[in-house]
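J.: The structure's right below; bear with me while I get my questions together.
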Amino acid sequence: MAWFGRARRESAENKPGAGPDPGAPFVDDAPTGPVERWYSDPDAQGPDEVPEDEHGDEAQAAEDPGASAPPADATPSPAGPVRPAGPAVQVDRLTVHHGGRSVFADVSFTVPRAAVVAIVGPSGAGRSSLLLAVTGHLAVTAGTAVVAGVSVTEQAHQVRQSTSVARLGGLIEPEPALTVGEAVRERCLLDGVTTAAGRIRFDEAARILGAQLPDHRLVRDLDGVSAGQLAVALACARPSDLVVLDDLDEGLDGPGQHQLARALTRLAVVGPAILVATTDRWPVVDVVDSVVELPPPVPPDAIVPAPGAPAPPAAVPTPPPPSGPPTPPGPADGPDPAQPRTDPEDAR
19 MAWFGRARRE SAENKPGAGP DPGAPFVDDA PTGPVERWYS DPDAQGPDEV PEDEHGDEAQ
79 AAEDPGASAP PADATPSPAG PVRPAGPAVQ VDRLTVHHGG RSVFADVSFT VPRAAVVAIV
139 GPSGAGRSSL LLAVTGHLAV TAGTAVVAGV SVTEQAHQVR QSTSVARLGG LIEPEPALTV
199 GEAVRERCLL DGVTTAAGRI RFDEAARILG AQLPDHRLVR DLDGVSAGQL AVALACARPS
259 DLVVLDDLDE GLDGPGQHQL ARALTRLAVV GPAILVATTD RWPVVDVVDS VVELPPPVPP
319 DAIVPAPGAP APPAAVPTPP PPSGPPTPPG PADGPDPAQP RTDPEDAR
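Written out as structure tokens, the structure is:
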């Protein structure tokens, strides 16, 4: 598909200002060999740097029996390109500590290729931190996370290159004051891809998501479903193995969450695996491939220090207030108010 391989752009280049027809079938001329893939490949050339004579198609492969064939363990996708073997994400007993306490602990799950997995938990359960850790943006205390065969703990930089964050709390999100067209150009600039290539990937992702995103529309004016679709489509401007979306339920009721989750499953079938975070499971449980539930946060007064962290100082007990009538002041407390006061002048 367009946002994972090299896309033919003659229509856009020959017609200034024109983009691909969303209703037209998409044509991808990416070869299925190791140079170009649907998914991110740190050793491959960029999407606009592959010489034209390196591109082939199925007819050419049929004419040349000696042409290199896809690996035997690769899984063909519904649209033709080849998926790398193995799960997109494998997490085993992942733990993150911060400030002497556990943000989350012993979390394990798998995100298969072409799948959508939901991380579910209340506010403060560590959903956003888990997304940051899986994408290589947050240090891991214990456990392992492997994305597309690359270890987060050993090669975090490479993991960041093979994953794309659509929205994450207030850290990463489309700028509300921009138009959709401006947001696309900004995302291409931030992700280091050409506007032409990123725009084609964005348009194809938006088409599969069923999003109506006119270039002139301000991001702040989009409804909740369209805002989520925009964030995910922008994340597809750069090739990736995994897209993460925090707060799927942002600005959405139950039916809206269900609608957005269903759109994401359509994209995952032909694109990257998708990992989302949300508060409630019931709007998405019958749509996504699996649900990972995080326990509620531990109250501050019941926090157990993380292993190796210094124990908090013991509280000093407060003595109980005295019982019975108050004790009258003694000589050390000053003169007795019941005794007559003697003036020093009278004493002379």
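The sequence shown begins at 19 in this note's numbering and counts up one residue at a time.
Glycine included, C-beta positions come from ideal geometry on N, C-alpha and C.
Closest to V164 by C-alpha separation, out of V152, V158 and S182, would be which residue?
T.: Sequence index remark: in the sequence shown, residue 164 carries index 146 (1-based). Of the candidates V152, V158 and S182, the one whose C-alpha sits nearest the C-alpha of V164 is V152.
J.: Let me make sure I understand the geometry here. Which of F122, Q247, T128 and P314 has the alpha-carbon closest to that of E191?
T.: Along the sequence shown, read from residue 1 onward, the residue named residue 191 stands at position 173. Minimum Cα distance to E191 is reached at Q247.
J.: Comparing alpha-carbon positions, which option in G272, P273 and D264 lies nearest V134?
T.: Sequence index remark: in the sequence shown, residue 134 carries index 116 (1-based). V134 has its Cα closest to that of D264, out of G272, P273 and D264.
J.: Give me the Cα-Cα distance between F127 and G104, rounded to the nearest whole angstrom.
T.: In the sequence shown, residue 127 corresponds to position 109, counting from 1. In the sequence shown, residue 104 corresponds to position 86, counting from 1. Computed Cα separation, rounded: 14 Å.
J.: Alpha carbon to alpha carbon, what distance is there between V183 and A249?
T.: Taking the first residue of the sequence shown as position 1, residue 249 is located at position 231. Taking the first residue of the sequence shown as position 1, residue 183 is located at position 165. Distance between the alpha carbons of A249 and V183: 9 Å.
J.: Suppose contacts are defined by Cβ-Cβ distances below 9 Å. Is V288 in contact with A132 by that definition?
T.: Counted from its first residue, the sequence shown places residue 288 at position 270. Counted from its first residue, the sequence shown places residue 132 at position 114. Taking the C-beta atoms as reference points, A132 is found nearer than 9 Å to V288.
J.: By DSSP's criteria, R119 is part of a beta bridge. Which residues make up the other side?
T.: Here residue 119 is taken as the residue at index 101 of the sequence shown, counted from 1. In DSSP, R119 forms a bridge with H116.
J.: To the nearest angstrom, how far is it from the Cα of S120 to the Cα of T181?
T.: Taking the sequence shown and counting its residues from 1, the one referred to as residue 120 is at position 102. Taking the sequence shown and counting its residues from 1, the one referred to as residue 181 is at position 163. Cα-Cα distance, rounded: 25 Å.
J.: In this structure, how does DSSP classify V309 when only helix, strand and coil are distinguished?
T.: Sequence index remark: in the sequence shown, residue 309 carries index 291 (1-based). Per DSSP, reduced to three states, the secondary structure at V309 is strand.
J.: Run through the DSSP bridge pairs and tell me what V165 is partnered with.
T.: Numbered from 1 along the sequence shown, position 147 holds the residue referred to as residue 165. BP columns for V165 point to V107 and V168.
J.: Pick out whichever of G269, V170, A279 and A286 has its Cα sitting closest to the Cα of V114.
T.: Numbered from its first residue, the sequence shown carries residue 114 at position 96. Out of G269, V170, A279 and A286, V170 has the C-alpha closest to the C-alpha of V114.
J.: Which of the three DSSP states is assigned to L150 in this structure?
T.: Taking the first residue of the sequence shown as position 1, residue 150 is located at position 132. L150: helix per DSSP, three-state reduction.
J.: Between F122, R284, L186 and F220, which has its C-alpha nearest A160's C-alpha?
T.: The residue labelled residue 160 in the question sits at position 142 within the sequence shown. Taking only the C-alpha atoms, the option nearest A160 is F122.
J.: For T181, does the three-state DSSP call read helix, strand or coil?
T.: As a working mapping, residue 181 is identified with position 163 in the sequence shown. DSSP places T181 within a strand segment (E or B) once states are collapsed to three.
J.: Based on the DSSP output, what are the partners of I137 in its beta bridges?
T.: For the purposes of this step, residue 137 is identified with residue 119 of the sequence shown, where counting begins at 1. In DSSP, I137 forms a bridge with A295 and V310.
J.: So L285 and I226 are in contact, right, with Cβ under 8 Å, and what is the actual spacing, rounded?
T.: Within the sequence shown, residue 285 is the residue found at index 267, counting from 1. Within the sequence shown, residue 226 is the residue found at index 208, counting from 1. Sure, about 5 Å apart at Cβ, within 8 Å.
J.: So, are the CB atoms of T197 and L236 less than 9 Å apart?
T.: Here residue 197 refers to the residue found at position 179 when the sequence shown is read from its first residue. Here residue 236 refers to the residue found at position 218 when the sequence shown is read from its first residue. The answer is yes: Cβ separation under 9 Å.
J.: What does the alpha-carbon distance come out to for the pair A92 and G118?
T.: Translated into the one-based positions of the sequence shown, residue 92 becomes position 74. Translated into the one-based positions of the sequence shown, residue 118 becomes position 100. With a pLDDT of only 45 at A92, under the threshold of 50, the placement of this residue in the model should not be trusted, and no figure is reported.
J.: With DSSP as the reference, label L227 as helix, strand or coil.
T.: Numbered from 1 along the sequence shown, position 209 holds the residue referred to as residue 227. Helix, per DSSP.
J.: Using the rule of at least 16 other Cβ atoms within 10 Å of the residue's Cβ for burial, across every protein chain shown, is E311 buried or exposed?
T.: Position 293 of the sequence shown, counted from the first residue, corresponds to residue 311. The residue in question, E311, is exposed, as its Cβ has fewer than 16 Cβ neighbours within 10 Å.
J.: DSSP three-state call for S244: helix, strand or coil?
T.: Against the sequence shown, residue 244 aligns to sequence position 226. Three-state DSSP puts S244 in a helix.
J.: Hey, how far is the Cα of Q173 from the Cα of P338?
T.: Residue mapping note: residue 173 aligns to position 155 of the sequence shown, counting from 1. Residue mapping note: residue 338 aligns to position 320 of the sequence shown, counting from 1. Their Cα atoms are separated by approximately 58 Å.
J.: Counting along the chain, where does the beta strand (DSSP E) carrying L263 start and finish?
T.: Walking along the sequence shown from the start, residue 263 turns up at place 245. Segment L260 to L263, the beta strand (DSSP E) holding L263.
J.: Cα separation between H155 and D259?
T.: Along the sequence shown, read from residue 1 onward, the residue named residue 155 stands at position 137. Along the sequence shown, read from residue 1 onward, the residue named residue 259 stands at position 241. Using only the alpha carbons, I get a separation of about 16 Å.
J.: Kindly list the residues whose CB is nearer than 6 Å to the CB of P130, restricted to its own chain and excluding five residues on each side of it in sequence; keep chain order.
T.: Translated into positions along the sequence shown, residue 130 becomes position 112. Hits under 6 Å: P105.
J.: So for L207, helix, strand or coil by DSSP?
T.: Position 189 of the sequence shown, counted from the start, is the residue given in the question as residue 207. DSSP places L207 within a helical segment (H, G or I) once states are collapsed to three.
J.: Based on the DSSP secondary-structure assignment, which residues constitute the bridge partners of T159?
T.: Locating residue 159 in the sequence shown gives position 141, counting from the first residue. None; T159 has no bridge partner.
J.: May I ask you to list the residues that DSSP assigns as paired with I18?
T.: There is simply no residue 18 to check, as the chain begins at 19 and stops at 366 in what is shown.
J.: Quick one, which of E222, E268 and F220 has its alpha-carbon nearest V243's?
T.: Residue 243 sits at position 225 when you count from the first residue of the sequence shown. Considering only alpha carbons, the answer is E268.
J.: How far does the alpha helix (DSSP H) with P273 in it extend, from its first residue to its last?
T.: Indexing the sequence shown from 1 puts residue 273 at position 255. From DSSP, the alpha helix (DSSP H) with P273 extends over G272 to V288.
J.: According to DSSP, which residues form a beta bridge with V125?
T.: On the sequence shown, position 107 is the one that residue 125 refers to. Paired residue(s): L112.
J.: By alpha-carbon positions, which one of A195, T212 and E222 ends up nearest to H234?
T.: Taking the first residue of the sequence shown as 1, we reach residue 234 at position 216. Closest in C-alpha terms to H234, from the list A195, T212 and E222, comes A195.
J.: Could you tell me if G139 is buried or exposed, where buried requires 16 or more neighbouring beta carbons within 10 angstroms of its beta carbon?
T.: Within the sequence shown, residue 139 is the residue found at index 121, counting from 1. Its Cβ being crowded by 16 or more others within 10 Å, G139 is buried.
J.: Out of curiosity, what's the CA-to-CA distance linking R256 and D124?
T.: Counted from its first residue, the sequence shown places residue 256 at position 238. Counted from its first residue, the sequence shown places residue 124 at position 106. Spanning the two alpha carbons is a distance of roughly 31 Å.
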